[in-house]
Amino acid sequence: MQVGNPVLREVAGEVDERWLKTKEADRLIEEMVATMRAAPGVGLAAPQIGLSLQLVVLEDRDSTISDLDEDFLAEVGRRTVPLTVLMNPTIEVFGKPDVELFEGCLSVHGFSGVTPRHHRARVHALNHLGEEITLDWTGWPARILQHECDHLLGNLYIDRMDTRTFSTNENLMATLEDE
Ligand code: ZN
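The working numbering numbers the first residue of the sequence shown as 79 and each following residue consecutively.
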């Protein structure tokens, strides 16, 4: 779903734990993982495939990261995130949202903007087995958590970004190459 579709602006409904045990749940999670990997992206929330459900998948693979410049990775605090499924997450953030980096979204295809985020975020959720998990992450992985949890409340990064930095990815790449 692309920005403008009302499902992206809804507060997503809670997932029923019993639903997790169904084949439908397995299929949906598989579809979300496949969509995220094909994009490619580092996270996907159910509203992005048109389902107003508090369900998120995350992953930042070694194979993607190894193509990127090491200094850049260190600068943005990006590192491998194993495939993680979150249901009914609640998020807690620490300090001020003073980490300003370009961020994009599969639902605002082809664009990026500088978006302030908190350095550290802690999420309580259920995983794909219905077990309670806590993630306490910093840097880029914490940014992914904030971005995906925002989706479940009907928020997009464009609501938080510095609007004057909004750019097509092509123009952003051209600017970065000139530097
Ligand atoms: Zn997004």
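The C-beta atom is built at its ideal place from N, Cα and C for all residues, glycine as well.
Hey, could you find the ends of the alpha helix (DSSP H) residue i is sitting in?
i           : result
residue 249 : 247-256
residue 140 : 140-143
residue 107 : 101-116
residue 222 : 217-230
Rounded to whole angstroms, what's the CA-CA distance from residue i to residue j? Just pull it up for me.
i           : j           : result
residue 92  : residue 165 : 8 Å
residue 130 : residue 230 : 8 Å
residue 157 : residue 228 : 21 Å
residue 243 : residue 190 : 8 Å
residue 121 : residue 114 : 6 Å
residue 94  : residue 102 : 13 Å
residue 81  : residue 144 : 31 Å
residue 177 : residue 193 : 8 Å
residue 79  : residue 142 : 24 Å
residue 220 : residue 234 : 16 Å
residue 126 : residue 135 : 11 Å
residue 151 : residue 140 : 12 Å
residue 198 : residue 250 : 26 Å
residue 236 : residue 245 : 11 Å
residue 195 : residue 147 : 22 Å
residue 108 : residue 98  : 13 Å
residue 200 : residue 208 : 18 Å
Evaluate residue i with the Cβ neighbour count: other Cβ atoms within 10 Å of its Cβ, from every protein chain shown; 16 or more gives buried, anything less gives exposed.
i           : result
residue 138 : buried
residue 39  : Because the chain in this structure spans residues 79 to 257, residue 39 falls outside the shown range and cannot be described.
residue 241 : exposed
residue 118 : exposed
residue 86  : buried
residue 110 : buried
residue 187 : exposed
residue 112 : exposed
residue 170 : exposed
What is the C-beta distance between residue i and residue j, in whole angstroms, given that I count them as a contact (C-beta under 8 Å)?
i           : j           : result
residue 206 : residue 163 : 4 Å
residue 217 : residue 155 : 2 Å
residue 167 : residue 132 : 7 Å
residue 124 : residue 90  : 7 Å
Could you spell out where the beta strand (DSSP E) holding residue i opens and where it closes?
i           : result
residue 124 : Segment: none, residue 124 is in no beta strand (DSSP E) and carries neither H nor E.
Report the start-end ranges of each beta strand (DSSP E) in the segment 151-208 that is 3 residues or longer and not cut off at the edges.
When DSSP assignments are scanned along the segment 151-208, the uninterrupted stretches of beta strand (DSSP E) that are 3 or more residues long and fall wholly within it turn out to be 159-172, 177-182, 189-195, 198-204.
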